[in-house]
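As structure tokens, the structure follows; a few thoughts come after it.
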């Protein structure tokens, strides 16, 4: 039996699986898309655990997390976008089926950041968002106080898939 912790952590993320395309989010949400070769990919599991631990910080910055695999939906999880949506995002971003990738899309709908085959500290994503002109304007207008980043590492018990 597979551990339930990764699925429970996923439930804490500010995510949606209903959207079919990026224009649905333009000017309302920043989008962080996790492309995983499969739901047990160690890099994916570590990244989503880090994102789950920072769910409050992500919500404050209007970040929606989407998760895609080449096959789309996974039975009994309800957490990944359907196959047609997965295909759209894989094609749109040119993501590779065989590797873990993460892409950040800004409020304007353009890609702001891409990481391939690596776990990215959430602080990198948050600092990038906080440096964006629209986020700076939000902060000046008092929308969304800049929260501190959770220093606890929730991924210490998740294998990283590398041989040591």
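Numbering (the UniProt record's numbering), first residue to last: 1 to 164. Positions of the beta carbon are idealized from the N, C-alpha and C atoms, including for glycine.
Practice problem: Scan the UniProt domain "DUF4174" (22-137) and note each continuous beta strand (DSSP E) run of 3 residues or more that stays entirely inside, going in chain order. | Solution: Within the UniProt domain "DUF4174" (22-137), the runs of beta strand (DSSP E) at least 3 residues long that lie entirely inside it are, in chain order, 30-35, 63-68, 101-105 and 111-116.
Quiz item: Ordered along the chain, which non-local residues of its own chain (more than five positions away) have a Cβ less than 8 Å from that of residue 29?
Solution: Cβ neighbours of residue 29 beyond the five flanking positions: 62, 63, 64 and 107.
Quiz item: Are the stretch 122-142 and the stretch 67-74 touching by the rule of at least three beta carbon pairs closer than 8 Å?
Solution: Judged by Cβ distances under 8 Å, the stretch 122-142 makes no contact with the stretch 67-74, as fewer than three pairs qualify.
Quiz prompt | Closest residue to residue 99 among 49, 37, 115 and 48 (Cα-Cα distance) | solution = Each of 49, 37, 115 and 48 was checked against the Cα of residue 99, and the nearest Cα belongs to 37.
Quiz item: Three or more beta-carbon pairs under 8 Å between the stretch 84-94 and the stretch 47-61, yes or no?
Solution: Two segments are said to touch when three or more pairs of C-beta atoms, one from each, lie closer than 8 Å; by this definition the stretch 84-94 does not touch the stretch 47-61.
Quiz item: Using the rule of at least 16 other Cβ atoms within 10 Å of the residue's Cβ for burial, across every protein chain shown, is residue 80 buried or exposed?
Solution: So residue 80 ends up on the buried side.
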